[in-house]
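K.L.:
Let me begin by handing over the structure; questions about it come next.
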Amino acid sequence: MASAIIALGGNVGDVRATFKSAIADICTLAQAKLLARSSDYATPPWGEEQQPPFVNACIEIETKLAPHALLDVLQAVERKFGRDRTKERRWGPRTLDLDLIAYDDVSLQKPELTLPHPRLFERAFVLVPLAEIAPDRVIGGIRVRDGLAPLSTQGIARLPDTG
């Protein structure tokens, strides 16, 4: 079994309801156990700033799937919720974005998958929810809380629980 960290994001539709359904789908399709789920966070858009705010969260799962098979599951779940990577703008609006951030201590550089995620320590919108569930996890030689420390978290706000 491997521990995988997945970042969730979206800014189109009822993102929080999408997250709930998508997490269930990920666990089913990846034959995974949900180990931890962060709160949802409202975050300012990144990259392309002229769009609605995003909602971001992170989960940790335990799975038997290999990294590429898990990536296939994540992309299938994105498609189920209306994401078409071939028709969207980079960093543009989306119903659901699922990024495989880390998979155990695997280091991988392939055109379709780089582990750990190459821009993780540039993105407070991923690190804030990740630090909530795994502050002491070391990814790529950096402890999550230490990677977050130098970044601005301005505009990132924890959303109230949905119940």
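Our numbering puts the first residue of the sequence shown at 38, with every later residue one more than the last. Backbone N, C-alpha and C fix where the C-beta goes; we use that ideal spot for every residue, glycine too. Just so it is clear, the structure is predicted and the values come from calculations on it, not from any experiment.
1. Which partner residues does Ile146 have in the DSSP bridge list?
2. Run through the region 101-126 for me and flag every whole alpha helix (DSSP H) of 4 or more residues, listed as ranges in chain order.
3. So which of Val143, Ala139, Phe56, Ile96 has the shortest CA-CA distance to Arg156?
4. Exposed or buried, Ala246, counting other C-beta atoms within 10 Å across all chains shown (16 or more means buried)?
5. Name the DSSP bridge partner or partners of Phe91?
6. Look up Leu196 in the DSSP assignment and say whether it is helix, strand or coil.
7. Just how far apart, CA to CA, sit Asp22 and Ala41?
8. Only counting the same chain, and skipping five residues up and downstream in sequence, which positions put a Cβ closer than 6 Å to that of Ala73?
P.N.:
In short:
1. In the sequence as presented, Ile is not what sits at residue 146; that position holds Gln. Looking at the DSSP output, Gln146 bridges to Thr151.
2. Secondary structure in the region 101-126: the alpha helix (DSSP H) runs of 4 residues or longer, each lying completely within the stretch, are 104-117 in chain order.
3. Checked all of Val143, Ala139, Phe56, Ile96; the closest Cα to Arg156 is Ala139.
4. As shown, the chain starts at 38 and ends at 200. That puts residue 246 outside it, with no answer to give.
5. Note: Phe91 sits in a beta bridge opposite Thr80.
6. It is coil, neither helix nor strand.
7. As displayed, the chain neither begins before 38 nor continues past 200, which places residue 22 out of reach and without an answer.
8. Closer than 6 Å at Cβ, skipping near neighbours: Glu97, Ile170.
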